[in-house]
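What follows is a short report on a single structure.
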Amino acid sequence: MIREQATDKRGPKTVRHEADLIVVGGGLSGTCCAVTAARAGIRVVLVQDRPVLGGNSSSEVRLWVLGATSHMGNNNRWAREGGFIDELLLENLYRNPEGNPLIFDTIVLEKVINEPNIKLLLNTAVYAVEKSDAETITGLKAFCSQNSTAYELVAPLFCDASGDGVVAFQAGAAFRMGAESAEEFGEKFAPTAEYGELLGHSLYFYSKDTGKPVRFVPPSYALTDITQIPRYRRFNTKEFGCQLWWIEYGGRLDTVHDTETIKWELWKVVYGVWNHIKNSGQFPEAETMTLEWVGQIPGKRESRRFEGDYILKQQDVVEQRMHPDAVAFGGWSLDLHPADGVFSEKPGCNQWHSKGMYQIPYRSFYSRNIKNLFIAGRIISASHVAFASSRVMGTSAYGGQAVGMAAALCAKDDLLPRDLTEPARMKNLQQELLKTGQHIPGLHLHDTADLTQKATLSASSELSLNELPPNGPLLPLTSSAGQMLPLPAGKVPGLTVWVSADQDTTLTVELRRSSKPDNHTPDVTLQTLSVPVKKGKQELELNVEATLEEPGYVFVLFLKNEHLRLQYSALRATGILSVFNKVNAAVSNFGKQEPTEDIGVDAFEFWTPERRPKGQNIAMKIESGIALFGVENLRNGIQRPTNQPNAYVANPADPNPTITVSWPETQTIGRVELFFDGDFDHPLETVIMTHPETEVPFCVREYILCNDRKERVFHQIDNHQTRNTVRFDQAIETRSLTIHLKAMNGPVPAALLEIRCYSN
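Numbering (this note's numbering) for the sequence shown: 2 to 761.
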């Protein structure tokens, strides 16, 4: 029994937590920041004001996670974000291919609570900031409504990943809200006042078919006149959840302090839309359908953006400008929405893509005037136009990982965020990120501690791609199709393909490459061939005379011809991909990007893959073959295809693909890092989309490590992750390490992207 005497007043129970880093905001950017920092060895407190982690990707909002891959609708090949966000997405594919947002909640939460260096505070809102001087935060005050407990959070370093910048704002960090004029940064895509300066919030609903008639009586606050929504004719019974991302409102209001007002307007719209679907009589198939879920909190797009030492701009995105302090990349389109949202007469979005991925500099991830404050997520230092690309969750999470690693380095060496911009320290940060799988365009890993760098590598076999055999479907050439082939510098090899024609015709073939080595936009034509074709099925030799000045992907493009069918191959392999000039309206891809006015973006064609089980490679013979899949790729410092496959791939006929790492003297090995092919070209959307696979076929499912005495020292089964870290309980002494790639997750040749060995 508890009995206390009456008193004047009481304060809440108060708990003090000290850590190396306090992360405020448990969306994907904050979560990825916290996990990355914790795994790097520092103590982290992660503070989230909601009952679940994941922010806009959680079951509270239910937006799919997307980043540079853009639904596979742009020319960014192998562009899915790496590191911890890759781990999350692959785990979600394995456990949750149906895209259940509740299951994704459990995956994110599990990853966090399994980290011993993280103290997680859910349902806890930060309400005050304490400072020792104008530039330094010393602590935060927070309150959890569920356990009626106040928290004092103390650390030398803080990261604001809260979406609205609740810490940065209270700390006095410089920020912007709204759109810059075109003149300030020379951004030609800067919006007019009529279009609006802020993106609004969205709120989603889920529906389901019950199999029996269900009536719907709308609440009194539901929108009664559906024609107030200019695009109301787009509503149907098939689309729900974030497929209706354009149910958006609030861009004319204060998107921080008017959030509750915005939410009520979105509720009116959602229930008005469902009333229209159920009761207008225009959707008889809706008779047995019911509302299953309506969001309680809106998904926010934009509010404050805090100023760092560098403000990311439109030119950085479009021109793919290089930065000496690059720590992350983006690739989503410049994607602005009209401020009037769902009530606007304008299209719901205005998307313009760049030709490839762009670097994001470290200087955009910390406050320029609060010296111990990192910023992550959609509030990073960017103009309104650049924010239109960098704001999406995959990109935000990726930046959060960079902040987590930066914070770990600062904590270990008693540094402040800006200190890491010193060139030697920046190189160290970049290298530590690369080790975790954080691809940074244009950078290679150079790890002197990696014992593999001084070893001899050998393999039981190596793929020499002489043929993509004609054992796949014969498909009509109703859309232009292309095959991406990685080639060394020099003459492009001769090619032979198979076609079938319903009449005499001419096949037009173009050989193209990208104007930038690591891009995959085929914007430079090397050769155009006009090949006469007789009626019937036949083999065609292509008279190739093109030459490559540097290594890269060549696009062999077969232009649309409705009288032809093209032979495809069942063989899929790491670093080999077919692409198609088709439409993906979801990301404003209509086959070609053609701005009608000078808005500072490029005109170019889209050549994008199809999702498995479609998207087979085009069958062809390749004169002299392609020998770019050898073991030396395992230590070239790149863990994904860029301008080359950057992978070891075994001969498909090899019954026991084996890689051996040998040293002239005995080595002590305590840890091995392996990176497998998790297919970075697939976006792995977390909700709504149903994936036909639970594992990526290019990923090794089972492997065995053996020492120089052919003794098994490690055996992994059921792997589905890109990164595998093998830690031996007791370091092994050996002159060689042999990796047996025993089984794949699909019918593809065995592949490995990287191996690194360490003494501890």
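Every residue gets a Cβ at the ideal spot worked out from N, C-alpha and C, and that includes glycine.
Predicted, not measured: the structure shown is a model, and the values here were computed from it.
To the nearest angstrom, how far is the alpha carbon of residue 33 from that of residue 164? 14 Å
DSSP state of residue 275, grouped into three classes? helix
Would residue 497 pass as a contact of residue 542 if the rule is Cβ separation under 7 Å? yes
Quick check on the DSSP output: what are the complete beta strand (DSSP E) runs of length 3 or more inside the region 37-61, in order along the chain? Listed in chain order, the complete beta strand (DSSP E) runs (minimum 3 residues) inside the region 37-61 are 45-48.
Beta-carbon separation of residue 252 and residue 205 under 7 Å? no
Determine, using beta carbons only, whether residue 749 and residue 699 come nearer to each other than 7 Å. yes
In the DSSP assignment, what are the bridge partners of residue 497? 542 and 622
Could you say if the region 11-26 and the region 158-174 meet the contact criterion of at least three C-beta pairs nearer than 8 Å? yes
With burial defined as no fewer than 16 other Cβ atoms inside 10 Å of the residue's Cβ, what is the status of residue 212: buried or exposed? exposed
Would you decide whether residue 604 is buried or exposed? Buried here means 16 or more other CB atoms lie within 10 Å of its CB. exposed
In terms of DSSP beta bridges, what is residue 507 paired with? 533
Extent of the continuous beta strand (DSSP E) to which residue 406 belongs: Note, residue 406: premise wrong, no beta strand (DSSP E); alpha helix (DSSP H) at 394-414.
Taking Cβ to Cβ, would you say residue 641 is nearer than 7 Å to residue 440? Result yes, Cβ atoms of residue 641 and residue 440 sit closer than 7 Å.
So, under 8 Å CB-CB, residue 341 and residue 350 are touching, yes? Tell me the CB distance rounded to an integer number of Å. Between residue 350 and residue 341 the Cβ distance is about 13 Å, and since that is not below 8 Å, they are no contact.
By the 10 Å Cβ neighbour count, where 16 or more other Cβ atoms means buried, how is residue 3 classified, buried or exposed? Label assigned to residue 3: exposed.
Using alpha carbons as the reference points, say which of 291, 522, 399 and 683 lies closest to residue 83. If we check each option's Cα against that of residue 83, 399 comes out closest.
Mapping the DSSP letters down to three states, classify residue 286 as helix, strand or coil. helix
List the whole-angstrom C-beta distance separating residue 613 from residue 694, where the pair is believed to meet the contact cut-off of C-beta under 8 Å. 7 Å
Minimum C-alpha distance to residue 177 - residue among 414, 198, 190 and 43: The candidate whose alpha carbon is nearest that of residue 177 is 198.
Helix, strand or coil, according to DSSP, for residue 663 in the structure here? strand
If you check the beta carbons only, do residue 527 and residue 502 fall under 7 Å apart? Going by C-beta atoms, residue 527 is not nearer than 7 Å to residue 502.
Start and end residues, alpha helix (DSSP H) containing residue 427: Residues 424-436.
Is it a yes or a no for the region 121-130 touching the region 49-59, going by three-plus beta-carbon pairs under 8 Å? yes
Could you tell me which of 514, 169, 139 and 418 sits nearest to residue 525, measuring between CA atoms? 514
Continuous beta strand (DSSP E) stretch holding residue 127: start and end: Here the beta strand (DSSP E) through residue 127 covers 125-134.
Among 716, 692 and 492, nearest to residue 623 - alpha-carbon criterion: 492
Would you kindly check if the distance between the Cβ of residue 687 and the Cβ of residue 66 is under 7 Å? Contact: yes.
Can you determine whether any heavy atom of the ligand NAD sits closer than 6 Å to the C-beta of residue 190, and answer yes or no? In the structure shown, the ligand NAD is absent, as is every other ligand, since no ligand is present at all.
So, under 8 Å CB-CB, residue 664 and residue 736 are touching, yes? Tell me the CB distance rounded to an integer number of Å. Yes, they are in contact, since the Cβ atoms of residue 664 and residue 736 sit about 5 Å apart, within 8 Å.
Per DSSP, what kind of secondary structure is residue 389 in: helix, strand or coil? helix
Please classify residue 313 as buried or exposed, where buried requires at least 16 other C-beta atoms within 10 Å of its C-beta. buried
Residues bridged to residue 590 [DSSP beta-bridge criterion]: Beta-bridge pairing links residue 590 to 585.
Taking all protein chains shown into account, decide if residue 594 is buried (16 or more other Cβ within 10 angstroms of its Cβ) or exposed. buried
Keeping to the same chain, check which residues put their C-beta closer than 7 Å to that of residue 348; ignore five residues upstream and five downstream. none
Which stretch, first to last residue, makes up the beta strand (DSSP E) that contains residue 87? Unbroken run through residue 87 is the alpha helix (DSSP H), 85-96; no beta strand (DSSP E).
With a threshold of 8 Å on Cβ separation, who are the neighbours of residue 690 within its own chain once the five nearest residues in sequence on each side are excluded? 65 and 100
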